[in-house]
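Notes follow once the structure below has been shown.
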Amino acid sequence: MRNPPLLALVALLTGSAVSAQPIEPVEVLPTGETQPQAAAVAGALRDVALWVTPDGGSDGLVLTAYGDFNAGLTTFGLDGTRVDLEADGPSYAVAVHDGFPLGNDTVTLVLSALEGGVVAYRLAEQGADRVQRIGPVTFDPATTFGGQQSLALYRDPGSGRFHLFKAGIRYIEQFELSGQGGAVSATRVRIVDTGTTSPTISGLVVDEQSGRLFAMLVGEGLWRYGIAPDAGSEGKQVAWQGDGGRLGSTLGRLALYRAGTTAEGYLLAADPARSAYNVFERSSEVYVGSFAVVENPDENLAGARNPLAVAVVSRTVGTDFQGGILVAHNAQGAPENLLVMPWGAVADAFDPPLRGSTGQADGGTNDGGTDAGAFDAGPPVSPPGKPPVSSNGGDGCSCAAASVPASALFALLALALTGRRRRS
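For the sequence shown, the residue numbers in mature numbering (1 follows the signal peptide of the UniProt record, and there is no 0) are -20 to -1, 1 to 404.
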C-alpha cells in the first residue's frame, strides 16, 4: 500500500531542492546624482572612487574615470556638482588612499590609469583646487600598460609601505610605491598569473585588515589572493560566472564595505547584465543577496541600469548619509552618471537588515581600509581553467535559500519507512 504522507513529504522536499534559485534583487532608491557635462565626459564611465574627510567631517569627493579624449579624472562633490576636471585624456581606472608619504608631506594619493601609464594626484581638503597634479608615476622600464583595466591601493600596517595592484590582461602586477623627492615611483615586487584565457580583469579591491585581494576575472568569476609580495599566484574562487553561479554574463567593479572596527562587512560586485549589485559577507565570503538601485520619481532620478562601477564608504557623513555612502553607476544615462545614496538605505532594504556603520573611520578609502594582517590565501587551487570543487557540489555559490541536503532527505525517508514497518 502506498503511504500518502510519505509521498507528500518526498514531493515537498524534492521540490524545495529543485526550486532553490537566486533571490530577486531588493530595490533601493537613490537620493542624489552627479551632474556631468556632456561635452567633457562624452565617453563611457569606467570607474569611480569615493573619498570622505578622515576627521569625521561632512565633506567628500566622488572621483571618476571617463574614457573620453576630452575627459580624464573628473571629480564631483557629494551634492553631484562638478568640482574639478583633469583633462589628461581617457581614464580607465581610479584609486584613492589617505596617508601617503610624499616628500616631506603626508597626502591623500589619487591614481588615474591612462592609455600609456598612471598619473598621480593629491587631494586638498580645502580651497578651489581640490585635485592637484603630481605627475606621471615612474615605473620599471619593463612595465606595460596595454589593456589595463583596474587599480587598487593598500598600505602595509607593519612597514607603512604603500602598494599598488594594476591589472589588465591575465596578469595582476604588484608594485611598491615611493614618494621620495615629491614624485611617485613604482617598483614591481610581484606578478600574479591568474591563468585566465579572458583578456580582462574587470575589478580589484583590497581588504587590508584580512590581507585579501579580490579580483573579478571576466569569463571566470570572483577570485581572491593574498596581498603579501611573496604570496605567489595561488588563489581561491569565491563565485562563478554565468549558469550555476551567482554572477551574471558580464562583470564589473568591486568595492568593500567595512562594518566598524571588526572584520565584518560586505564585498560588493557590480553585475551589469542584471542591473544589480551582488553582496557577499566580507569575512566568510558567503553570498548574501543582491540589490538594484531603481528609479526615484519623487526626486526625478533614474535607476542604475547596467552598472559597471561602484564605490562605498562605511563612515556616516553629515546628516544625509547615515551608515555611509554608496555610489552606483547608471550606464544608460546620457551622459553616463552616478547615483548617490546613504548606505543605510541599502542595509534597510534587506530582511534582516545588513550591518551598518558604527562610525569607525575607514581611512578615507573606498576599497581597502587601513589595517592589514596575516592571511592565508586559502587552499591552493588550479588556475581558472579547472575550477575547484566546492562543498556545495561545485557550483561556487553559498545560497541564501539553501536546498535540503540529500543526506537529510534520505534520513527522513528511512525514518518514515521504519515507522511503516513497525506499524505493520
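Just so you know, even glycine gets a beta-carbon here, dropped at the ideal spot from N, CA and C. Here the structure is a predicted model, which is why all the values come from computation and not from measurement.
Can you tell me the Cα-Cα spacing of residue 218 and residue 108, whole angstroms? 43 Å
For residue 279, does the three-state DSSP call read helix, strand or coil? helix
Presumed contact (8 Å Cβ cut-off) between residue 184 and residue 130, rounded CB distance: 4 Å
Between 193, 326 and 181, which has its C-alpha nearest residue 204's C-alpha? 193
Taking the alpha-carbon of residue 74 as reference, which of 84, 53 and 81 has the nearest alpha-carbon? 53
Report buried or exposed for residue 84, applying the criterion of at least 16 other Cβ atoms within 10 angstroms of its Cβ. exposed
Could you tell me the boundaries of the alpha helix (DSSP H) in which residue 324 lies? 323 to 329
Which stretch, first to last residue, makes up the beta strand (DSSP E) that contains residue 114? 111 to 116
Sheet register partners of residue 50 (DSSP bridge): None, per the DSSP bridge assignment.
Close beta carbons around residue 165, own chain, < 6 Å, minus the five adjacent residues each side: 118 and 158
Looking at the unbroken beta strand (DSSP E) that takes in residue 238, where does it start and where does it end? 234 to 238
Are there three or more Cβ pairs, one per stretch, closer than 8 Å when the region 274 to 289 is compared with the region 236 to 245? no
Could you tell me which whole beta strand (DSSP E) segments of length 3 or greater appear in the region 78 to 148? 85 to 93, 98 to 103, 111 to 116, 130 to 135 and 142 to 147
Taking residue 174 and residue 199 to be in contact with their CB atoms under 8 Å, please state how far apart those CB atoms are, rounded to whole angstroms. In fact, because the Cβ distance is near 11 Å, the residues do not count as touching under 8 Å.
So, at 7 Å on beta carbons, what are the nonlocal neighbours of residue 483 in its own chain, with the 5 sequence-adjacent residues on each side left out? The requested residue 483 is not part of the displayed model; the chain covers only -20 to 404.
Helix, strand or coil at residue 15 [DSSP, three-state]: coil
Whole angstroms is fine: what's the gap from residue 349's alpha carbon to residue 126's? Legend: pLDDT at residue 349 = 36, less than 50; position of this residue unreliable, no value from coordinates given.
Enumerate in chain order the residues of its own chain whose CB-to-CB distance from residue 321 is below 6 Å, with the five nearest sequence positions on each side excluded. 10, 11 and 306
Which of the three DSSP states is assigned to residue 154 in this structure? strand
Start and end residues, beta strand (DSSP E) containing residue 37: Premise fails: residue 37 is in no beta strand (DSSP E) and is neither H nor E.
Return helix, strand or coil for residue 188, following the three-state DSSP convention. coil
Inter-residue spacing [alpha-carbon to alpha-carbon] between residue 58 and residue 286: 22 Å
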